[in-house]
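A.B. asks: After the structure tokens below, expect a handful of questions from me.
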Amino acid sequence: MRKVLLLGLMLFLGSAVAFAQSRVITGTVTSTEDNLGVPGATVLVKGTTIGTATDLDGNYSISVPAGSNVLVFTFVGLRPQEVTIGNQTTINVALEPDVQALSEFVITSYGDQSKREITGAIASVKGEIFQDLPMQSFDRAMQGRIAGVQVTSTSGQPGGALNVRIRGEGSINAGNDPLYIVDGVQVANGGLSGQGSQNALASINPNDIESIEVLKDAAAAAIYGAQAANGVVLITTKKGTKGATKTRLSVQEGIVQPLELYDMMNANQLATIKRDAYINAGLNPASAAATYGNPEDPNLQSYDWVDALYRTGRLSVYDLSVSGGDEKTTFFLSGSYTKQQGQIIRSNYQRATGRLNLTHRPNKKLTVSANLSLAFQNTNGTIDRGNFVNGPFVAGYAARPNVPIYNEDGTFRNYPSNHLFGYNIVQGVNQELRSGKTVQTVSNLQLNYQIAPWLSWTSYFGIDFSDNADINNRPSTIAAFSSYGGASVFTGRRNTNLNTNHNFNFNKKFNDVHTVSGILGFEYKGAQSDLQSATGRGFPNPTLIYLQNAATPFAVNSNFTEYKRAGVFGQAKYDYDDRYTADFTLRRDGHSRFGEQNRWGTFGAVSVGWRLSSESFLQDVTWLDNLRFRGSYGITGNSEIANFASRSLVGSGGQYLGGGALTLSQLGNDLLTWEEAETFNFGLDWTLFNGRIIGTVDVWRKNSNALLFDTPLPVDSGFGEISRNTAGVRNQGIDIDLQTVNIVAGKFQWNTGFNITFQDNELMSLYDGLDRIGNDLIVGRPIRFWYANTYLGVNPANGRQMFDDLNGGYTYVAGQSTLSYIGSAIAKSFGGLSNTLTYGPVSLEVFFQYQFGNLAFNADIYNHGNWGSGTDNLFVNQLDYWKEPGDITTVGRPFEGGQAPGTSNISTYSTRLISDGSYIRLKQVTLNYTLPAVAASKIGMQSASLFVQGLNLATFTKYNGIDPEANSLGNTYGSYPNAKQFAAGINLNF
């Protein structure tokens, strides 16, 4: 890194040195839009790395070597232009606005399509938007960037998984995750390791990605049939282009810091509130002093367990790519290495990736391409989520501050056995090994044969393979594990996903106005997963952790599962004169997961488009570049259920005549079939003022029907329940996306990107006509909500907590009769706002991400905001507790055990534990400086830039926990919060 930064410094110093060339060309670059000079435009001698940038008025001067005769003029938002020099010494150029975005091609299903022709709801994010951001997986790149796509980082674990929802949550018991496709490979998402939140999608280096397309409605996604109910995310990696070989090197170093953590009590503070809690409960305060210390003792020591667990971590990212090719063969070769320390000690993540994308054209008709990738991930994790004593996000805050962490000789102190099961969490995090190593490849081979100018044949083969090895070693040096000599658990997981498709593509134009195109194909997918694990106990030495050293083989386990799916599909498109468009899609799928009588399903969609801006009555509207209406309707399926949910199953259990026995464990249902999503979408796209304003609005509704549900059976059936297709959920909303070029003045340019989604989720029906199932599901409410007692605060007269009695008054005793609907756990709206300011070679991007309208349950208040009633350490704000009549406070009278006579327990489920989960987060700030082209070319570089950036810099919220984003699923119990990141780096292009 030191050498690279020195090289960057040398580039800056060298920018003042001029070249001596054989002739000098001068001139001015203007824009046809306003006839003003264009500052910062690039002027490059074609075929060389020699270039310059225009000044504030658009003027330039460039030295051109002998033998070179063409200048290339470029500027963002304007069309490039090449000019032959000849005998000229002055060349003035007027660049036209580039409205290429209207005809840009995006990846759609089994091919690509002009953006002008799309009638479905498709959103796209280009790789350049998130290039060089210090993130481990591409799903983070979508966060706040795409309307209708909600991405939340529910874990701050380095390399951790995310939660992605496209247009709401449509299923109760099946999956809600979208289908991910990387270069045609249908990849499995989720976690690969059990020793940390390791993301299967992190095997793809984000810097290798060319674009991400999201298919949001049935018209766009129906060609994927039974897998598309939750939307489809298409990832396309970079390819080589013919021409000179290009090399790109990116290096960045940074730090990772915790967000604002809870302020916990010291030993004296905890001893004070515990003494009063004992006294108020009529107990002997000496008992409190024996456990928590005497607040009057001047020698009472305090120990900060949280500070001992958290740290400032290091971040390193190195990325190198080489691309190029000739008329027949192009290539893209890349390698990357990422290392990030987590904000918790011993928590870290490493990833190394390699990629080779090849395309070869042996003749004019045949094209062969292969995308080959290999990734290695290594996670040293920590327990994330759940009330576990060996989880730092629970035990770290719970540990009593009067208990020393270390002995005087520096060894770890045995924690009191009457709390946290005697587990010293700092010792545990340091000595317990939680390692997960995974090797993964997502690769493919594709052959394309051009049968005729209008007809081609494509054969495709893809694989997503991962092999994981986990180790969890609990050494005997930790008191909780010493009784059996420590333990090691070794787990191996292997996942293989294969998919292949073969299809005809056709595209033909008639009479210059009629265009017919389409696809007809077949697809097959098979997936297998197997797991083996073994546990050993009794190790002679803590440094010996492998099973051959164990005295006792304690447990073994293994399992295997698989599924198969096959389908045929077709799609036809018709376009008349670039004005009227119609698309028709039909797919029939068969899946091994479903009952024999319903194993096959049919899915499809129809959509239409009308380009109003191509009509004669709008031809004279000069400020209108594009105006288009879209409408679609379709049905897609959700097959994300257990592999054998439809089968009658047997399992081992009990014994018969002294031997093992098999018993029926699940009753099958031959009628079980897909959940279906019926989608309506109406959209309007517009482009104004030569591309200065680009916008899209979509109004949509998604009805999810035949939802999988476990319904009760009569007692005499011998089974408690059976899986059936019943119940329904409706999601509906509005997606808005707006991109603007606000100001172009001299060297200064200001661009804005804004998107927001408004959504509503509602349970429409349950099985057998029920209108509710307890307080968990209620028809007419969202599928995730809070049903609790309404907390009214502390009564100043007596320090007791009060609840709404739902009759206009209050009560001290809450129960079933005082429970009511509080609000939704699903956000009502979400989106992002980015502003990019450019002045000459300097650019600044500021990006905000937000969500509104959801309530969040904070279990940390349950543990540490319990008014001194429990055994854990407490928030400092609990010191402001009620002491005498007339006290106005939010913390009631401390009472050991939590339940004073005539009141409900302090742990009663109420709105005291629930707060507004809405937030606005300053997600990213990036400052970039690009060296002048002349300075870069002096040492043989095409371009070079330096940047600094920060992530998760500030959060504006009313949420009463650490991280509202990590609580987006509703509960933050023991969750790993997200972290702030600061990084600096350099990009070099050769």
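Note that the working numbering gives residue 189 to position 161 of the sequence shown, counting from 1, and the numbers run on in steps of one. Backbone N, C-alpha and C fix where the C-beta goes; we use that ideal spot for every residue, glycine too. Treat the numbers as computed from the prediction; the structure is a model and nothing was measured.
Please name the residue in Ser971, Ile263, Gly968 whose C-alpha comes closest to that of Ala230.
C.D. replies: Along the sequence shown, one-based indexing puts residue 230 at 202. That would be Ile263, whose Cα lies nearest to the Cα of Ala230.
A.B. asks: So Glu912 is in the alpha helix (DSSP H); what residue range does that whole segment cover?
C.D. replies: Taking the sequence shown and counting its residues from 1, the one referred to as residue 912 is at position 884. No alpha helix (DSSP H) contains Glu912, which DSSP labels as neither H nor E.
A.B. asks: At the 8 angstroms Cβ level, is Tyr840 part of the contact set with chain D, yes or no?
C.D. replies: In the structure shown, chain D cannot be found, because there is only a single protein chain.
A.B. asks: Is Tyr661 helix, strand or coil when you go by DSSP?
C.D. replies: The count along the sequence shown starts at 1 and reaches residue 661 at position 633. Looking at Tyr661 - three-state DSSP - the assignment turns out to be strand.
A.B. asks: Is the CB-CB distance between Thr958 and Pro869 below 8 angstroms?
C.D. replies: The residue labelled residue 958 in the question sits at position 930 within the sequence shown. The residue labelled residue 869 in the question sits at position 841 within the sequence shown. Contact: yes.
A.B. asks: Report the rounded CA-to-CA distance for Arg193 versus Asn258, giving the unit in angstroms.
C.D. replies: Sequence index remark: in the sequence shown, residue 193 carries index 165 (1-based). Sequence index remark: in the sequence shown, residue 258 carries index 230 (1-based). Roughly 7 angstroms separates the two Cα atoms.
A.B. asks: Is Asp603 buried or exposed, if buried means 16 or more other CB atoms sit within 10 Å of its CB?
C.D. replies: Taking the sequence shown and counting its residues from 1, one reaches residue 603 at position 575. So Asp603 ends up on the buried side.
A.B. asks: Mind checking whether Leu526 and Ile491 have CB atoms under 8 angstroms apart?
C.D. replies: Counting from 1 along the sequence shown, the entry for residue 526 is found at position 498. Counting from 1 along the sequence shown, the entry for residue 491 is found at position 463. Closer than 8 angstroms, so yes.
A.B. asks: Which residues mark the beginning and the end of the beta strand (DSSP E) in which Val904 is found?
C.D. replies: One-based indexing of the sequence shown puts residue 904 at position 876. Where Val904 is concerned, there is no enclosing beta strand (DSSP E), given that its DSSP letter is neither H nor E.
A.B. asks: Which same chain residues end up closer than 7 angstroms to Tyr890 when comparing Cβ atoms and leaving out the 5 residues on each side of it in sequence?
C.D. replies: The residue given as residue 890 occupies position 862 in the sequence shown. Correct list, in chain order: Ser935, Leu941.
A.B. asks: Going by DSSP, what residue range makes up the beta strand (DSSP E) through Asn783?
C.D. replies: Indexing the sequence shown from 1 puts residue 783 at position 755. Note, Asn783: beta strand (DSSP E), 776-793.
A.B. asks: Quick check on the burial criterion: 16 or more other C-beta atoms within 10 angstroms. Buried or exposed for Gly321?
C.D. replies: As a first step, residue 321 is located in the sequence shown; it is residue number 293 there, counting from the start. Buried, because 16 or more other Cβ atoms sit within 10 Å of the Cβ of Gly321.
A.B. asks: If you count every other CB in all the chains shown that lies within 10 Å of the CB of Arg51, and 16 or more means buried, which is it?
C.D. replies: Against the sequence shown, residue 51 aligns to sequence position 23. Exposed is the call here.
A.B. asks: Among the residues of its own chain, which have a CB less than 6 angstroms from the CB of Ile78, if the five just before and after it don't count?
C.D. replies: One-based indexing of the sequence shown puts residue 78 at position 50. Contacts found: Ser965.
A.B. asks: Can you grab the Cα-Cα spacing for the pair Asp437 / Ile372, in whole Å?
C.D. replies: The residue you call residue 437 lines up with position 409 of the sequence shown. The residue you call residue 372 lines up with position 344 of the sequence shown. If you take the alpha carbons of Asp437 and Ile372, they lie about 24 angstroms apart.
A.B. asks: Give me the Cβ distance between Asn817 and Thr780, rounded to the nearest whole Å; I'm assuming they're in contact under 8 angstroms.
C.D. replies: For the purposes of this step, residue 817 is taken as residue 789 along the sequence shown, with counting starting at 1. For the purposes of this step, residue 780 is taken as residue 752 along the sequence shown, with counting starting at 1. Not quite, the Cβ-Cβ distance comes to about 44 angstroms (not below 8 angstroms), so this is no contact.
A.B. asks: Could you tell me which of Ile771, Lys392, Gly564, Asn415 sits nearest to Ile479, measuring between CA atoms?
C.D. replies: Within the sequence shown, residue 479 is the residue found at index 451, counting from 1. Of the candidates Ile771, Lys392, Gly564, Asn415, the one whose C-alpha sits nearest the C-alpha of Ile479 is Lys392.
A.B. asks: For Asn718, tell me which candidate among Gly860, Asn770, Ser165, Ala507 has the shortest Cα-Cα distance.
C.D. replies: Locating residue 718 in the sequence shown gives position 690, where the first residue counts as 1. Cα-wise, what sits closest to Asn718 is Asn770.
A.B. asks: Taking Ile453 as part of the alpha helix (DSSP H), name the residues at either end of that continuous run.
C.D. replies: For the purposes of this step, residue 453 is taken as residue 425 along the sequence shown, with counting starting at 1. Residues 453-459.
A.B. asks: Return the residue from the list Gln459, Ala246, Asn376, Ala318 that minimises the CA-CA distance to Val284.
C.D. replies: Against the sequence shown, residue 284 aligns to sequence position 256. Ranking Gln459, Ala246, Asn376, Ala318 by Cα distance to Val284 puts Asn376 first.
A.B. asks: Below 8 angstroms, how does it come out for the stretch 163-174 and the stretch 730-742: are there three or more Cβ pairs, yes or no?
C.D. replies: Taking 8 angstroms as the limit for Cβ pairs, the verdict is that the stretch 730-742 does not touch the stretch 163-174.
A.B. asks: DSSP puts Asp713 in a beta bridge; with which residues?
C.D. replies: Against the sequence shown, residue 713 aligns to sequence position 685. Answer is Arg656, Thr724.
A.B. asks: Alpha carbon to alpha carbon, how far is Gly148 from Asn709? Give it in angstroms, no decimals.
C.D. replies: The residue given as residue 709 occupies position 681 in the sequence shown. The residue given as residue 148 occupies position 120 in the sequence shown. Approximately 8 angstroms, taken between the alpha carbons.
A.B. asks: Mind checking which residues open and close the beta strand (DSSP E) that includes Ile307?
C.D. replies: Along the sequence shown, one-based indexing puts residue 307 at 279. Careful: Ile307 lies outside any beta strand (DSSP E), inside the alpha helix (DSSP H) at 295-308.
A.B. asks: On a Cα-Cα basis, can you pick out the residue from Phe975, Pro67, His892 that is closest to Leu298?
C.D. replies: The sequence position of residue 298 within the sequence shown is 270, counting from 1. Comparing Cα-Cα distances from Leu298 to each of Phe975, Pro67, His892, the minimum goes to His892.
A.B. asks: Could you tell me which of Ser516, Lys553, Thr580 sits nearest to Leu572, measuring between CA atoms?
C.D. replies: For the purposes of this step, residue 572 is identified with residue 544 of the sequence shown, where counting begins at 1. Considering only alpha carbons, the answer is Ser516.
A.B. asks: Ignore the nearest five residues each way along the sequence and tell me which others in Ala48's own chain have a CB closer than 8 angstroms to its CB.
C.D. replies: As a first step, residue 48 must be located in the sequence shown, where it is residue number 20. Caution applies to Ala48, whose pLDDT of 36 falls short of 50 and renders its modelled position unreliable; the model cannot decide the point.
A.B. asks: In whole angstroms, what separates the C-alpha of Leu883 from that of Trp333?
C.D. replies: Stepping through the sequence shown from its first residue, residue 883 is reached at position 855. Stepping through the sequence shown from its first residue, residue 333 is reached at position 305. Roughly 30 angstroms between the two C-alpha positions.
A.B. asks: Given this structure, state the Cα-to-Cα distance separating Lys74 from Thr54, to the nearest angstrom.
C.D. replies: Taking the sequence shown and counting its residues from 1, the one referred to as residue 74 is at position 46. Taking the sequence shown and counting its residues from 1, the one referred to as residue 54 is at position 26. Each residue's Cα considered, the two are about 16 angstroms apart.
A.B. asks: Let me make sure I understand the geometry here. Which of Ile750, Ser946, Phe858, Gly65 has the alpha-carbon closest to that of Asp698?
C.D. replies: In the sequence shown, residue 698 corresponds to position 670, counting from 1. Nearest of Ile750, Ser946, Phe858, Gly65 to Asp698, Cα basis: Ile750.
A.B. asks: Does the stretch 552-559 touch the stretch 580-593, meaning 3 or more C-beta pairs lie closer than 8 angstroms?
C.D. replies: Verdict: yes, contact present.
A.B. asks: Which residues in the same chain as Gly679 place their Cβ atom closer than 6 angstroms to its Cβ, once the five residues preceding and following it in sequence are excluded?
C.D. replies: As a first step, residue 679 must be located in the sequence shown, where it is residue number 651. The residues are Ser693.
A.B. asks: According to DSSP, simplified to helix, strand and coil, what is Asn435?
C.D. replies: Counting from 1 along the sequence shown, the entry for residue 435 is found at position 407. Looking at Asn435 - three-state DSSP - the assignment turns out to be coil, as it is neither helix nor strand.
A.B. asks: Alpha carbon to alpha carbon, what distance is there between Ser239 and Gly271?
C.D. replies: Your numbering for residue 271 matches position 243 in the sequence shown. Your numbering for residue 239 matches position 211 in the sequence shown. Using only the alpha carbons, I get a separation of about 22 angstroms.
A.B. asks: Three Cβ pairs or more, each shorter than 8 angstroms: is that satisfied between the stretch 818-833 and the stretch 853-871?
C.D. replies: Short answer: they don't touch.
A.B. asks: At the level of alpha carbons, what is the spacing between Lys911 and Leu820?
C.D. replies: As a first step, residue 911 is located in the sequence shown; it is residue number 883 there, counting from the start. As a first step, residue 820 is located in the sequence shown; it is residue number 792 there, counting from the start. In a straight line, the C-alpha of Lys911 is about 19 angstroms away from that of Leu820.
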